[in-house]
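Protein chains in written order, with my numbering: chain A, 61 to 522; chain B, -13 to 280. Yeah, the Cβ is synthetic: ideal placement off N, Cα and C, and Gly gets one too. Here's the structure we're looking at; comments come further down.
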């Protein structure tokens, strides 16, 4: 039985163990009426039995599966003729690779490779034996541990405490998984970025004003050395994020104020989800919208006003991105505005303030930390956004503050650097990781600030 | 003007004292309003209410309320929870306007002017009739800004010195100046509960109202803070008319000159505080103040 089937088989075994365990607990207690004598509920005993039966076997199977390939390779190596074993490590690993390819059926060995064919057959044999061994062992462990736990069920067995501890461990494991994944991502980007900074100095990357990462393949071609000054790229990102903010903050905030303070409850509960739909539109659709509708519109408008507007402009991308992040601003702001206690509004109204004065002087200031938090989240979303800018902002890394010109952003550059065939020793490819790293730290910083702001002022009005 | 109640001591009364409370509340919405015992009117009223009724949607919260608020007096309104005393209080500065589905009928006048007339703007009205709430609700601003809030929005001040003077006067009148004068720019929410409530009173005073409405101003405070507020109310009476809703009958007897007893949306009895507490005329009033229910 192969590994996956075995793991799946443990599932029904666990269910059976659960029912047997809880039935046994009821029996031990002396029937339905005796349940209150049990320290833990029958379901706890059942869960404990299931955990006891499945967990050790699962652990064993996982360890076995991880240890199997090196052990098999070792045995295989011992079976190969001496002259092969004498080969240097990298050549030997090629042979092992060949054997594994034959096993997987990806390769037919040539006539002169009988050795490899034999080895492959031996490998298959070994593998089958190992699987059979594992199946037997797992079933044995399941049976033994099930019987052990099952026989331990007593009236005073503290099954609940054990089950709670196991559940807690499971929760810890899950949260650790998320954290370690993040660390893993950061590290993978970090190491590639360090390789990049060995080729291109850090200060040149951070402060250089020229970005043209295309490198010639041969040294005698023109443009043989790329330029890796990231300032224009980050400037483009900032410009587009700024335009997006200029669109999203007023519209989002004002619609939040309207929904929270002026709209009737019925309108509020209808309009808010509708607004949130904006956040559910795939960004690639926003991309079409920006590239095919908004950008030409702006260009035509610019022509009518005698302005030179390129067909891919920062303005188009920024406007559409602003529309995309409106729900982030409005929904989060609406939540915090709505959470401002009615007593504060009453206090202001009772002093003769108008509704707008109340909103402006009392409600918005009280909700400000939450609003700022929402805005910063929206900013980091705008900075990390890729699809819209890929389609609408263009590719030319120009250091400009003119929103009618085409600019490029960090995310767009990462996409263009990593699309297609890559050579991972070229600074062109590695530059993507450096950009990603800086971008990551930037949004991390923004999120950190947002969290701090929200935390610091959270309970101000309570 | 003396009204006598024909209902005193009848059998319908006794059912209202015990378990029949909720059922009688329902019935009370349909039967005719009870007539008020005692003297609800004064010679020189600041505010007058005539036949006021409030409906929340279909439900009638109070009806047939006719009472005067005299100049420089403290009028206490007592009664069991849900009797409508807070609802009536909120009619006096039209705070009920903010409640959706709330409808007010009858007539309320402030200095002879009908405050529910279509021509009346609630903004200046609420500046003339201030309000202090049950739970202290200072704005999340500095102590100074809390007090300066009202004068600023009403444009009552000319310059910064003027504003500082208004703040100091208001805080002094609220008996808080000595305690906070060195930390005017710290947040008002950092004060103790009693100080916060006095800050709210100072905030109300700062716009120079004629009437101050207080909705159980001491129910969230400890006895020492309560004593301070009560002292303050006694002082404020010399300049303002005060209407206070309270659950503490001792408080009503300590601070007020006249007391009104509400019961299930009806105004049962009004009279000089001392008379109400020593010699109540209505059976319900007597039952309430002797602690038989409520």
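Residue A:504 holds the alpha-carbon nearest to the alpha-carbon of residue 246 (chain A) among A:516, A:514 and A:504.
The C-beta distance from residue 231 (chain B) to residue 75 (chain B) rounds to 5 Å, short enough to meet the 8 Å contact threshold. Interface flag for residue 411 (chain A) against chain B is set, since a Cβ pair is found closer than 7 Å. For the C-beta of residue 426 (chain A), the chain B residues within less than 8 Å are, from N- to C-terminus, 125 and 126.
At least 7 Å separates the CB of residue 129 (chain B) from every CB of chain A. For residue 356 (chain A), the enclosing alpha helix (DSSP H) begins and ends at 355 to 364.
Close to chain A, meaning a Cβ-Cβ distance shorter than 8 Å, are the following residues of the segment 69 to 85 of chain B: 79, 81 and 84.
Under the Cβ distance rule, residue 117 (chain B) counts among the residues neighbouring chain A, one pair being separated by less than 7 Å. The segment 120 to 129 of chain B makes contact with the segment 422 to 429 of chain A, as at least three CB pairs between them are under 8 Å.
Residues of the segment 218 to 243 of chain B whose Cβ lies closer than 9 Å to any Cβ of chain A: none. Inclusion of residue 59 (chain B) and residue 243 (chain B) in the CB contact set at 7 Å is warranted, their separation being smaller than that value. Assignment of residue 287 (chain A) by DSSP, reduced to helix, strand and coil, places it in the strand class. For residue 189 (chain B), the enclosing alpha helix (DSSP H) begins and ends at 179 to 191.
Annotation: residue 316 (chain A) to residue 397 (chain A) spans about 8 Å, alpha carbon to alpha carbon. For the pair residue 198 (chain A) and residue 121 (chain A), the CB atoms are nearer than the 7 Å cut-off.
Any Cβ of chain A closer than 7 Å to the Cβ of residue 36 (chain B) would place that residue at the interface, and such an atom is absent.
Between residue 118 (chain B) and residue 200 (chain B) the beta-carbon gap is near 5 Å, inside 8 Å, which marks them as a contact. Excluding its 5 nearest sequence neighbours in each direction, residue 391 (chain A) has C-beta neighbours in its own chain below 6 Å: 336, listed in chain order. Pairing residue 383 (chain A) with residue 441 (chain A) gives a Cβ-Cβ distance that is not under 7 Å.
For residue 255 (chain B), the enclosing beta strand (DSSP E) has its first and last residue at 252 to 258.
In the structure shown, the three-state DSSP call for residue 273 (chain B) is helix. Along the length of the segment 192 to 266 of chain B, whole alpha helix (DSSP H) runs at least 4 residues long occupy 209 to 222, 235 to 241 and 259 to 264, reported in chain order.
With respect to residue 132 (chain B), residue 218 (chain B) sits apart: the two C-beta atoms are not nearer than 7 Å. Within the DSSP secondary-structure output, residue 163 (chain B) pairs in no beta bridge. Excluding sequence positions up to five before and after residue 250 (chain A), its CB lies within less than 7 Å of the CB of 497, all in the same chain and listed in chain order. Excluding the 5 residues flanking it on each side, residue 66 (chain A) has same chain C-beta neighbours closer than 8 Å at 121, 194, 195 and 198, in chain order. Taking the Cβ atoms as the reference, residue 301 (chain A) lies roughly 17 Å from residue 451 (chain A), outside the contact range of under 8 Å.
If you check the CB distance, residue 40 (chain B) and residue 84 (chain B) do not come in under 7 Å.
Among the CB atoms of chain A, none fall inside 7 Å of the CB of residue 87 (chain B). Around the beta carbon of residue 79 (chain B), 16 or more other beta carbons sit within 10 angstroms, so the residue counts as buried.
For residue 88 (chain B), the enclosing beta strand (DSSP E) has its first and last residue at 88 to 96. The residue from B:25, B:33 and B:18 with its alpha-carbon nearest to that of residue 195 (chain B) is B:33. The beta carbons of residue 239 (chain B) and residue 55 (chain B) sit no closer together than 7 Å. With a threshold of 7 Å between beta carbons, residue 407 (chain A) makes contact with chain B.
Per DSSP, reduced to three states, the secondary structure at residue 127 (chain B) is coil, with no helix or strand assignment.
By the Cβ neighbour-count rule, residue 98 (chain B) is exposed, with fewer than 16 other Cβ atoms within 10 Å of its own.
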